[in-house]
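This note's numbering puts the sequence shown at residues 116 to 557.
All C-beta atoms in this analysis are idealised placements derived from N, C-alpha and C, irrespective of residue type, glycine included.
Worksheet: one structure, shown below.
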Amino acid sequence: MAHTTLGKAGHEVSGIARGAKNDRARMPRIFRRVGITALAITLLAGAATPAVATAGSRAVPKAAAEQDRPELQKAIQELVDAGYAGMQMRVNDQRGEWVGSAGVRKLGQSAKPPTNGRFRIGSTTKNFVATLMLQLVADGKVRLDGPVADYLPEFRLDRRITVRMLLQHTSGLFNFAGGEVYDDGTYVPGIPWQGKEWVDKRFHTYQPEELVRLALSKPAKFEPGTNWSYSNTNYVLARLLIEKVTGRPYGEEMKRRILRPLHLRDTMVPGTRTDIPGPHAHGYHRYEDAGQWKVIDVTRQNPSWISSAGEMISTTKDLHTFFSALNSGKLIPTELLAEMRKPHPKSAGLFGRYGLGLYVQDTGPNCVGTLLNHNGSNNGYGALMYSTPDGKMTMTASITMGDAAIDQAQVFPKVLEKLLKKVFCGRQAEPAYGAEPAQPTS
């Protein structure tokens, strides 16, 4: 995703909030509690359809979904009305499962985005990678507070950089996708990750080692462990470490440990594959070329430019299954799940504070309390993945960019706040609706 843009290429709002500086005074109330990062918001950025039953939930007939949850359909329509091309969303809670979509599947056509459609999940990939790494920690193959240099000596990393620092974004390593703004105001670019430069190179193949070496050729942003800064380099190093200790490509290890056990048949690590197989909505990228604004369909792209920091493809159903399983304690031991949920105090931003591969957000007493999330984006696409700490209430969604000129810094935080309030506040938080609001577990 991209944070110049909520998520520097490979950050949280890839394309969904480009080039804007966050201002506390402009932030919706639900987010002020957790502050805002110094990063610009980066790469994260119809009627309801029948739901499909999943483990622990019941199918909601189309009519029931439309009658019982009109507020959810209205919420996703409001996002489309704000200028996004389309959205599909899935909510699982005490009332069952609701699925809906709004907008268009492809510009110039009337069909809505498929509610079972695949999409590029951008930096949501990081939560999968962090989970995989913590499984290796649980197996004794990796030491969470061990030097990364012990596993990857070929890069001659500062020995103070630990595995925890990679997952937590406290290594200080230069961000290869998105570049860095240093304390003196100097901006140093990395690889092309947006605009005409990226459009021209969107089918180029990058090797993960190449991305890491580029980052290491640039000055570190700070001394290891002394601060927090979102860097995609951390998660490419995590990939290489996983491959070193397992002897397998990380995509194969992901299948073996997470995708197959959870039956995530529509989730994939694409590598250099450029298409999105199966049903999907199209994503678009708006950029300036020679003084003229252009829009191009970027559904097909080579995601090796973001690698394990944001390349995966999934569906709202698979993201629900995965994040619910993780937060209910089915994927990593309790003590490591607690470590994952310990947020760094200097990491406050739009999505909360960052732990190990996920954000911890306080929605306040009138909502569900603590929310866990890792959103993401990959030029043209945005992904939302939220859960209560017990994994029993989730919201997963895909947002596709279109041809509208959207001020991401102004628009996205507002529509996100409205969406979260509709899903996790109000009736959802009342005792009569279900259980008491979930509390932090760490």
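Annotation: the continuous alpha helix (DSSP H) that includes E358 extends over N347 to T361. For D518, the closest alpha carbon among the candidates V214, G215 and G223 is that of G223. Here E338 carries a coil assignment [DSSP, helix/strand/coil].
8 Å or more divides the Cβ of G467 from the Cβ of G237.
By the CB criterion at 8 Å, G406 and S344 fall outside the cutoff.
DSSP places G294 in the coil class of the three-state scheme, outside both helix and strand.
When DSSP states are grouped into helix, strand and coil, E325 belongs to the helix group. In this structure, G340 sits away from A440, with a CB-CB distance that is not shorter than 8 Å.
Restricted to the segment 407–464, the beta strand (DSSP E) segments that are unbroken, complete and at least 3 residues in length are 407–412, listed in chain order.
For A498, the beta-bridge partners assigned by DSSP are G491 and S513.
Residue burial is scored here from C-beta neighbours: H489 has at least 16 other C-beta atoms within 10 angstroms and is therefore classed as buried. When DSSP states are grouped into helix, strand and coil, P376 belongs to the coil group. Under the DSSP assignment, E186 falls in the alpha helix (DSSP H) whose first and last residues are P185 to D196. For V195 and V413, the gap between their C-alpha atoms comes out near 19 Å.
Taking each of A520, T511 and K533 in turn and checking the Cα distance to S216, the smallest one comes out for T511. When the beta-carbon positions are compared, N290 and T348 come within less than 8 Å of each other. Listed in chain order, the non-local C-beta contacts of T320 below 8 Å within the same chain comprise T387, N417 and S419, local neighbours out to five positions each way being set aside.
For V214, the enclosing beta strand (DSSP E) stretches over residues G211 to G218. Taking a contact as a CB-CB distance under 8 Å, the pair V314 and H400 counts as one, their CB atoms being some 7 Å apart.
Taking a contact as a CB-CB distance under 8 Å, the pair N493 and I421 counts as one, their CB atoms being some 6 Å apart.
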